[in-house]
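Residue numbers (this note's numbering): 15 to 415. These notes concern the structure reproduced below.
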Amino acid sequence: MSDRDMADRLAEVSRSRHGDLTSGEAEEADFSQDGDFRPDALFEPIDIGPMHLDNRIVMAPMTRSLSPNGVPHPEVAAYYRRRAEGGTGLIITEGTFIPHETAGFCSAVPNFHGADALAGWKHVVDEVHAGGAKIIPQLWHTGLMPLPTDDVTGIAAASPSGYYLKGDKRGEPATDALIADIIDAFGQAAESSVALGFDGLQIHAAHGYLIDQFFWGDVNLRDDRYGGDMVARTNFGVEIVKECRRRTSPDYPISLRFSQWKQHDFTARLAHTPQELEAFLAPFVDAGVDLFDCSTRRFWIPEFEGSDLNIAGWTKKLTGKVTSTVGSVSLSQDFFVSLQTEVGTSSNMTRLIHMLERGDFDLVSVGRALITDYEWPQKVKAGDLTKLMSYNPADLNTLDN
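This is the structure:
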């Protein structure tokens with residue numbers, strides 16, 4: 015299946031679950047840009063443990079499915095190096111499959127195991143460092159959330175209870191032995207991250223993939239220590255964090271990406287109040303997470319009533335940890351709209367800088383804009399947002415940009 019076909023299928027999944035986006039969702043936020051644009055806050059350095067970042071700009075993890083046989087080739091390394099040379103402070107790789115047979119079923123997604131794939135990642139690390147940026151891998155298990163390119167016929171995917179959605183059972187609950195093996199596989203990947211010279215690692219626990227499936231009460235119906243109330247449902251993810259910490263070092267930066275929304279249910283919420291969010295996050299703070307990557311579809315949307323803080327703002331307020339915001343930064347429309355149409359630039363950068371300056375969050379993750387325009391950080395630093403490029407879905411099909 016081509017990347018374009020994948021985009022079409024993702025959009026169709028979105029429409030079938032949620033209907034077409036309303037005009038209010040599809041339109042950009044209405045932010046005026048009064049006076050001179052001053053992006054200085056984006057270009058202040060920050061330290062996360064031993065990892066020093068020259069600025070607050072992060073390249074968000076974005077699946078490209080352009081690594082045949084799971085091996086990142088020299089063009090992948092060149093793609094990441096251009097973003098480093100363009101001024102990005104921290105690069106988070108696309109999702110990489112941990113060393114377990116159930117991690118994912120798309121042969122073009124890069125593996126994080128095997129001699130050839132790890133050699134490819136070593137080359138990526140060296141190129142990014144030569145380009146002046148830091149880099150961490152995103153460690154990924156898709157669970158019962160197959161990618162649109164996957165042929166899922168007959169696949170025995172891992173999941174907490176076998177449910178894809180509430181009432182939609184497609185498999186069997188993961189056994190204790192399978193859970194233990196997957197936790198160990200995350201630990202193996204963490205060891206590889208250190209050995210390859212990555213500056214830290216990220217655990218993908220968002221968007222309806224395996225770890226997030228354990229978080230979500232609609233699909234986690236277990237009655238053992240991995241199920242139950244919201245805090246108990248964090249145990250699988252917490253044990254993964256602890257294993258990654260055990261097999262790296264006490265100060266090796268560990269990031270956790272989480273989200274309220276799921277790819278197949280935009281309205282899903284793990285926490286409905288700040289108190290619930292605090293209860294959800296606390297076990298991960300205790301387990302050793304250094305950075306929370308808080309995924310939302312539009313960074314300017316308040317998370318809870320009575321406050322204009324977004325999910326990253328609340329996470330920082332409740333945990334005191336470094337947080338990163340993400341979601342349509344400098345672009346006018348949501349991710350799922352952009353799968354099928356060109357997306358122009360937005361004035362939402364003014365609002366972003368205001369939120370960063372007042373301390374809502376520490377880092378800003380930029381996704382689609384950096385796929386199209388590797389010089390995005392340099393253009394923003396120069397203060398001329400008119401030079402930012404529109405995002406085109408055709409850019410998903412190439413590593414040449």
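A virtual CB, placed ideally from N, CA and C, is assigned to each residue, including glycine. The structure presented is a predicted model; accordingly, all values stated were derived computationally and were not measured.
Exposed unless 16 or more other CB atoms sit within 10 angstroms - verdict on residue i
i, result
"residue 435", "No statement about residue 435 is possible, as the shown extent of the chain runs from 15 to 415 and does not include it."
"residue 357", "For residue 357, the predicted model reports a pLDDT of 48, less than 50, meaning its position is unreliable; a value from the coordinates is still stated below. Looking at its Cβ environment, which holds 16 or more other Cβ atoms inside 10 Å, residue 357 is buried."
"residue 25", "Annotation note: pLDDT 46 at residue 25 (below 50); position unreliable, no value reported."
"residue 44", "A caution first: residue 44 carries a pLDDT of 48, below 50, which makes its placement in the model unreliable, though a value can still be read off. So residue 44 ends up on the exposed side."
"residue 66", "exposed"
"residue 70", "buried"
"residue 396", "exposed"
"residue 408", "exposed"
"residue 402", "buried"
"residue 352", "For residue 352, the predicted model reports a pLDDT of 44, less than 50, meaning its position is unreliable and no value from the coordinates is stated."
"residue 131", "buried"
"residue 64", "exposed"
"residue 391", "buried"
"residue 267", "buried"
"residue 319", "exposed"
Nearest residue (CA-CA) to residue i, options the options
i, options, result
"residue 311", "100, 343, 318 and 254", "343"
"residue 236", "176, 209 and 323", "176"
"residue 412", "262, 89 and 282", "89"
"residue 172", "263, 116 and 367", "116"
"residue 129", "243, 85 and 225", "85"
"residue 387", "376, 374, 404 and 396", "404"
"residue 121", "260, 143, 77 and 371", "77"
"residue 302", "326, 264 and 331", "264"
"residue 326", "259, 365, 296 and 375", "375"
"residue 259", "202, 232, 211 and 240", "202"
"residue 393", "209, 97 and 108", "97"
"residue 147", "336, 102 and 365", "102"
"residue 136", "362, 108, 371 and 87", "87"
"residue 297", "254, 184 and 123", "254"
"residue 99", "125, 118, 124 and 143", "143"
"residue 119", "267, 149, 79 and 278", "79"
"residue 189", "238, 371, 324 and 367", "238"
"residue 389", "145, 367, 55 and 54", "145"
"residue 55", "406, 372 and 415", "372"
"residue 278", "316, 398, 182 and 415", "182"
"residue 60", "377, 370 and 234", "377"
"residue 185", "234, 369 and 295", "234"
Contact under 7 Å by Cβ, residue i with residue j
i, j, result
"residue 304", "residue 106", "no"
"residue 299", "residue 333", "yes"
"residue 174", "residue 227", "yes"
"residue 273", "residue 218", "no"
"residue 199", "residue 113", "yes"
"residue 345", "residue 383", "yes"
"residue 269", "residue 307", "yes"
"residue 252", "residue 293", "no"
"residue 91", "residue 58", "no"
"residue 379", "residue 338", "yes"
"residue 285", "residue 276", "no"
"residue 328", "residue 288", "yes"
"residue 207", "residue 215", "yes"
"residue 153", "residue 178", "no"
"residue 155", "residue 224", "yes"
"residue 104", "residue 72", "yes"
"residue 197", "residue 108", "no"
"residue 250", "residue 240", "yes"
"residue 232", "residue 180", "yes"
"residue 367", "residue 53", "yes"
Rounded distance between the beta-carbons of residue j and residue i, thought under 8 Å
i, j, result
"residue 151", "residue 110", "5 Å"
"residue 381", "residue 74", "4 Å"
"residue 309", "residue 336", "Contact flag wrong, Cβ pair sits at about 15 Å."
"residue 400", "residue 51", "In fact, because the Cβ distance is near 10 Å, the residues do not count as touching under 8 Å."
"residue 262", "residue 209", "Not a contact, Cβ separation roughly 10 Å."
"residue 362", "residue 385", "Actually they do not touch by this definition, with Cβ atoms about 18 Å apart."
Q | Uninterrupted alpha helix (DSSP H) stretches inside the stretch 264 to 317 (no shorter than 4 residues) | A | 288 to 301
**Q.** Segments of 3+ residues assigned as beta strand (DSSP E) that fall wholly inside the stretch 35 to 122
**A.** For secondary structure counted as the beta strand (DSSP E) over 3 or more consecutive residues, the stretch 35 to 122 holds these complete runs in sequence order: 60 to 62, 65 to 67, 71 to 73 and 104 to 111.
Q. Of all the beta strand (DSSP E) runs that stay within the bounds of the stretch 132 to 184, which reach a length of 3 or more residues?
A. Here the runs fully enclosed are 148 to 154 and 177 to 179.
Q.
Threshold first: 3 residues or longer. Then list the beta strand (DSSP E) segments lying entirely within the stretch 193 to 249, N to C.
A. 215 to 221
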